[in-house]
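*Asks:* Residue numbers 761 to 1153, in the numbering used here, belong to the letters of the sequence shown in order.
Just so you know, even glycine gets a beta-carbon here, dropped at the ideal spot from N, CA and C.
Because the structure is a prediction, the values reported are computed rather than measured.
Structure in structure tokens, see below.
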Amino acid sequence: MIKHASLCLALCCGLASTPSALAATKDALPLPTGCALADRAPTSKASSDGAGTSFPPPQLDVRTPFEPAVFNAGGYRYLVYELRLLNLSDEAMPITGVDIMAATADSDKLLLSLSGAALYAPLRLIGDGAIDAAHPLQTGRAAIAYLCLAFERDTPVPSQLRHRVILGDAIAEGPVVGVHHGSVGVLASPVRGDHWLADNGLALDRHHRPGLFVAGGTAQISRRYAIDWKRRIGGDFQAGDPLDVRTYHAYAQPVFAVADATVIQAIDGLPDNVPRTAAGFTPAVPLSMKTLAGNTVVLDLGDGQFAHYAHLQPGSVVVKAGQRVRRGEPLARIGNSGDARWPHLHFQVSTGPDIMASEGLPFAIDRFRAKDAEGHWSTRALEFPLAGDEVAF
């Protein structure tokens, strides 16, 4: 089991995972792509009769490498995690359904039953090929189900989960998965002002959420909750020459400490890239594990949580490693260094100081305003900003 931190910043973290904290939230926002609402009384698409009675049981390794933590976003409470499936048998296995259940001492309560398109959309085969009704999981192959459950305010979030994988006429039972309550840190915003877009966050059709990456010999998803903060004014991210970083609205905007913290890394001096256009993109310096994040600042928030600021403007970093900073203190300015196609701030919280060799953690921002796709503004408190929201601080 990987330990989640019990960080509490600015406001009590317990508020970030209880129904009462959502009482002031107005309208719930649409669910991100790849997320499903946990039903009050769903009906499984398959029967569990005979499950666990066959010998040998289905040789499917079912595991969740990193346990989820409850966090608030858009008026719901969320659980975001992965289910890795590895076929250790000598025959192909048809994956036809996944049941997600709340595990209790007495019985398991069904929360969500996935089948058909609802199953295959978040289920990804590792490596080349497809996995769906016509393509079973071959022997020795692995797949990942990128799961996201949303719970309404009056629906309790369980403390433990269990999974049942339907394999045609057989069923593989997964082990109990713990759910962490009250472990999400409440932070100040890393940017200020208006016209901000919380891009590439949480949704499965964006590149952060399924960004499984091997670093340090371990496959992890450090970008699970990463946000690319971009600035959009009048529907456009820039005005002028698209090859000039200075024409992008986010460029040179200041970034701020999200909490009282210690700077453990501050890198400066890497040049900005020429922004990507239809003609292509070439980074200013070759990409490596050292240059991937570009100019960067990493804050140790305490309790095993680290805040990462990436792709900063060269010459703008005003802090040094070992320095203590206060919440709201300026750190640097947004640039286009490292693996950045356009000027933006890549911000994430993870379990380690390495931007890739760590597991991504959810966080909540203390207070902000968000505009949905219909143009309606609402005030959000103790929430994670959803992808696509225009946000003002």
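(1) Under a three-way DSSP split, which group does Leu797 fall into?
(2) Which residues in the same chain have their Cβ closer than 6 angstroms to the Cβ of Ala1053, if we skip the five residues on either side of it in sequence?
(3) Taking the CB atoms as reference points, tell me whether Thr1155 and Asp965 lie closer together than 7 angstroms.
(4) Run through the region 963-1020 for me and flag every whole beta strand (DSSP E) of 3 or more residues, listed as ranges in chain order.
(5) For Gln1108, which beta-bridge partners are listed by DSSP?
(6) Three or more beta-carbon pairs under 8 angstroms between the region 938-949 and the region 957-972, yes or no?
(7) Between the Cα of Asp914 and the Cα atoms of Ala798, Pro1046, Tyr985, Arg1006, which residue gives the shortest distance?
(8) Hey, would you say Trp1137 sits closer than 7 angstroms to Arg1127, going by beta carbons?
(9) Between which two residues does the alpha helix (DSSP H) containing Leu879 stretch?
(10) Consult DSSP for Thr1037 and reduce its assignment to one of helix, strand or coil.
(11) Helix, strand or coil, according to DSSP, for Asp959 in the structure here?
(12) Who are the near neighbours of Arg837 in its chain, counting only those whose CB is closer than 6 angstroms to its CB and skipping five residues on each side?
(13) Quick check on DSSP: helix, strand or coil for Phe831?
(14) Between which residues of its own chain and Thr1022 is the CB-CB distance below 6 angstroms, once the five residues before and five after are set aside?
(15) Go ahead and pull the three-state DSSP assignment for Arg1093.
(16) Using a Cβ-Cβ cutoff of less than 8 angstroms, which residues in the same chain neighbour Pro1031 once the five nearest sequence positions on both sides are dropped?
(17) Looking at chain D, is there any beta carbon in it that lies within less than 7 angstroms of the beta carbon of Gly794?
(18) If you run the structure through DSSP and keep just helix, strand and coil, what is Ala902?
(19) Which residue or residues does DSSP assign as beta-bridge partners of Lys1131?
(20) First and last residue of the beta strand (DSSP E) that includes Gly857?
(21) Give the DSSP bridge partners of Val840, in chain order.
(22) Taking the CB atoms as reference points, tell me whether Trp1102 and Pro1035 lie closer together than 7 angstroms.
(23) At the level of alpha carbons, what is the spacing between Ala781 and Asn1055?
(24) Grouping DSSP H, G and I as helix and E and B as strand, with all else coil, what is Gly938?
(25) Look up Lys1157 in the DSSP assignment and say whether it is helix, strand or coil.
(26) Can you tell me where the beta strand (DSSP E) holding His923 begins and where it ends?
(27) For Val1079, which of helix, strand or coil comes out of DSSP?
(28) Tell me the rounded alpha-carbon separation between Ala862 and Trp989.
(29) Please go through the same chain and pick out, in chain order, the residues whose beta-carbon is closer than 8 angstroms to the beta-carbon of Pro896, but skip the five residues on each side of it.
(30) Would the beta-carbon of Leu839 fall within 7 angstroms of that of Leu909?
(31) So, is Thr864 buried or exposed, given that buried needs 16 or more other C-beta atoms within 10 angstroms?
(32) Distance, Cα to Cα, Leu775 vs Gly942?
(33) Just list the residues that DSSP pairs Leu820 with in beta bridges.
(34) Would you identify the three-state DSSP class for Val951, choosing helix, strand or coil?
(35) Let me know if Val1005 comes out buried or exposed under the rule of 16 or more other beta-carbons within 10 Å of its beta-carbon.
*Replies:* A quick look at the data gives this:
(1) By one-based count along the sequence shown, residue 797 stands at place 37. Of the three classes helix, strand and coil, the one that applies to Leu797 here is strand, per DSSP.
(2) What you label residue 1053 is simply residue 293 of the sequence shown in a count that begins at 1. Around Ala1053: Ala1070, Gly1098, Ile1115.
(3) Since the first residue shown for the chain is 761 and the last is 1153, residue 1155 is missing from the structure and cannot be characterised.
(4) 973-975, 978-980, 987-991, 1014-1016
(5) Within the sequence shown, the letter at position 348 stands for residue 1108. Gln1108 pairs with His1068.
(6) no
(7) Counting from 1 along the sequence shown, the entry for residue 914 is found at position 154. When each option's Cα is compared against that of Asp914, the closest is Ala798.
(8) As a working note, residue 1137 is residue 377 in the sequence shown. As a working note, residue 1127 is residue 367 in the sequence shown. Against a cut-off of 7 angstroms, the Cβ pair of Arg1127 and Trp1137 comes out as no contact.
(9) One-based indexing of the sequence shown puts residue 879 at position 119. Leu879 -> alpha helix (DSSP H) spans 877-880.
(10) One-based indexing of the sequence shown puts residue 1037 at position 277. Strand.
(11) On the sequence shown, residue 959 is found 199 positions in, with the first residue counted as 1. Three-state DSSP puts Asp959 in a strand.
(12) Walking along the sequence shown from the start, residue 837 turns up at place 77. These residues qualify, in order along the chain: Val830, Phe911, Val917.
(13) For this step, residue 831 is matched to residue 71 along the sequence shown. Strand at Phe831.
(14) Counting from 1 along the sequence shown, the entry for residue 1022 is found at position 262. Within the same chain, Thr1022 has close Cβ partners Asp1060, Arg1084.
(15) As a first step, residue 1093 is located in the sequence shown; it is residue number 333 there, counting from the start. In the structure shown, Arg1093 sits in a strand (DSSP, three-state: E or B).
(16) Position 271 of the sequence shown, counted from the first residue, corresponds to residue 1031. Taken in chain order, the residues that qualify are Ala1044, Val1045, Pro1074, Ser1097.
(17) Considering every chain present, this structure includes no chain D. It has just one protein chain.
(18) Within the sequence shown, residue 902 is the residue found at index 142, counting from 1. Of the three classes helix, strand and coil, the one that applies to Ala902 here is strand, per DSSP.
(19) Walking along the sequence shown from the start, residue 1131 turns up at place 371. Lys1131 is bridged to Trp1137, Glu1150.
(20) In the sequence shown, the residue the question calls residue 857 occupies position 97. Taken as a continuous stretch (DSSP letters only), the beta strand (DSSP E) holding Gly857 covers 857-863.
(21) Here residue 840 corresponds to residue number 80 of the sequence shown, with the count starting at 1. Cys908.
(22) What you label residue 1102 is simply residue 342 of the sequence shown in a count that begins at 1. What you label residue 1035 is simply residue 275 of the sequence shown in a count that begins at 1. Closer than 7 angstroms, so yes.
(23) Here residue 781 refers to the residue found at position 21 when the sequence shown is read from its first residue. Here residue 1055 refers to the residue found at position 295 when the sequence shown is read from its first residue. Its pLDDT being 39, under 50, Ala781 is placed unreliably in this model, and the coordinates cannot settle the point.
(24) Against the sequence shown, residue 938 aligns to sequence position 178. Of the three classes helix, strand and coil, the one that applies to Gly938 here is strand, per DSSP.
(25) Any question about residue 1157 goes unanswered here, given that the chain covers just 761 to 1153.
(26) Working through the sequence shown from its first residue, we reach residue 923 at position 163. Unbroken beta strand (DSSP E) run through His923: 920-927.
(27) Position 319 of the sequence shown holds residue 1079. In this structure, Val1079 counts as coil in the three-state DSSP scheme.
(28) Position 102 of the sequence shown, counting from 1, holds the residue named residue 862. Position 229 of the sequence shown, counting from 1, holds the residue named residue 989. Distance between the alpha carbons of Ala862 and Trp989: 35 angstroms.
(29) Looking up residue 896 in the sequence shown gives position 136. So the qualifying residues of the chain are Ala852, Met853, Pro854, Ile855.
(30) Taking the sequence shown and counting its residues from 1, one reaches residue 839 at position 79. Taking the sequence shown and counting its residues from 1, one reaches residue 909 at position 149. Taking 7 angstroms as the Cβ cut-off, Leu839 and Leu909 qualify as a contacting pair.
(31) If you number the sequence shown from 1, residue 864 lands on position 104. Thr864 is exposed by the Cβ-count criterion.
(32) In the sequence shown, the residue the question calls residue 775 occupies position 15. In the sequence shown, the residue the question calls residue 942 occupies position 182. Note on Leu775: pLDDT 37, under 50, position unreliable in the model; no value is reported.
(33) Here residue 820 refers to the residue found at position 60 when the sequence shown is read from its first residue. According to DSSP, Leu820 bridges with Asn847.
(34) Within the sequence shown, residue 951 is the residue found at index 191, counting from 1. Val951 falls in the coil class under three-state DSSP.
(35) As a working mapping, residue 1005 is identified with position 245 in the sequence shown. Buried: at least 16 other Cβ atoms inside 10 Å.
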